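Following: one structure in structure tokens, then a few remarks.
Numbering (the numbering used here), first residue to last: 78 to 459.
Put into structure tokens, the structure is as follows:
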């Protein structure tokens, strides 16, 4: 019966199967002795002879004697920006692939003039068009020695000088209030994909409070995924897949019953997939509090056990599917980590097969066992 439950090895394989790397812009960079650099993916290294690297222009063969060093560096990629026209002081959003956090040597240029960066995420950068910008200017993102420019230019124009500055100052207060109300505009993107690791505490419902219907679970651990879909403003849709393992306290059960209780590899377990609804409260551009509820399908595993030695009685249980309800609260650091607490409760009715050493007769009984756990967890984004 226990073989039907997901083992830790199978879970780890499942997690690796679905993990998708998102650092596609971290490329191999060959710095040459003449000051030039070549960026791409190294296909082959022939020691002391040649390095074969695939770049955007094609495959290039670099002579080993010309190489100063080879490193991995993040190369930015600009896909688009909007609006494409405006006066100095206009807020422009640059879309593309960038480091999750703005590096010390990261900048956005209009021509060769550096713009004020308002927000910086891995998918977009909000900047203000520099004062004095006129005509067509190339929009480019610089990270260290690497630079990538948009295919089209920004067209700057409009009234300059003191009158324009006064008008922007008058409009800045309501604009700031609007951005504070809208996390999307402030760079707070509630969407994401998170790997969760947790410390599991079974509640008394799953502890030793009531022998006929309750179990004897020890504290355990939790692994899982949580995806978040940004719906509107402060609202998001969480999709949670969680796996929980808890040990079986046979010593406590033996002490309470006055007989020997054993279980070969027995453990309590829960697996659930639950969509829900969440609410976020921004604290800053990259930090917010969150609270969500979820409801979905839950599988609960009750460990098999042998009671007594001679004579003995065995109880074997199949995995039970039911519904489960949960909630989660915590603090989210965008593009970094979540620290939180979640609870999940289900009320499975287990079908238990009972047999003993005195007779060949077996019987099935139904055992209702409320299963409720609390989990302190951390989650890391991909």
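Glycine is no exception: its CB is placed at the ideal position from the N, C-alpha and C atoms.
Note that the coordinates shown come from a computational prediction; the quantities given were computed from them, not determined experimentally.
For residue 149, the beta-bridge partners assigned by DSSP are 105. Distance between residue 373 and residue 338, taken at the CA atoms: about 34 Å.
C-alpha of residue 383 to C-alpha of residue 363: approximately 53 Å in a straight line.
Where residue 164 is concerned, there is no enclosing beta strand (DSSP E), because DSSP gives it neither an H nor an E.
With fewer than 16 other Cβ atoms from the protein chains shown falling within 10 Å of its own Cβ, residue 436 counts as exposed.
Cβ neighbours of residue 137 within its own chain (closer than 7 Å, five residues either side excluded): 115, 130.
Counting only unbroken stretches of 3 or more residues, the beta strand (DSSP E) elements lying wholly within the region 312-381 are 312-325, 344-361, 364-378, in sequence order. In the displayed model, residue 434 falls within coil according to three-state DSSP, outside both helix and strand.
Taking C-beta atoms as the reference points, residue 312 and residue 356 count as a pair closer than 8 Å.
As the crow flies, the alpha-carbon of residue 219 is around 12 Å from that of residue 190.
The C-alpha of residue 365 is placed about 59 Å away from the C-alpha of residue 434. One thing to note: residue 352 has its Cβ within 8 Å of the Cβ of residue 371. Between residue 221 and residue 183, the alpha-carbon positions lie close to 6 Å from each other. Per DSSP, residue 206 lies in no beta strand (DSSP E) and is assigned neither H nor E. The shortest CA-to-CA distance from residue 409 to any of 445, 358, 145, 438 is the one to 358.
If you compare the alpha carbons of 151, 298, 161 with that of residue 212, the shortest gap goes to 161.
Residue nearest to residue 269 within the set 123, 413, 145 is 413 (criterion: CA-CA distance). For residue 278, the uninterrupted beta strand (DSSP E) segment begins and ends at 269-279. Looking at the DSSP output, residue 225 bridges to 218.
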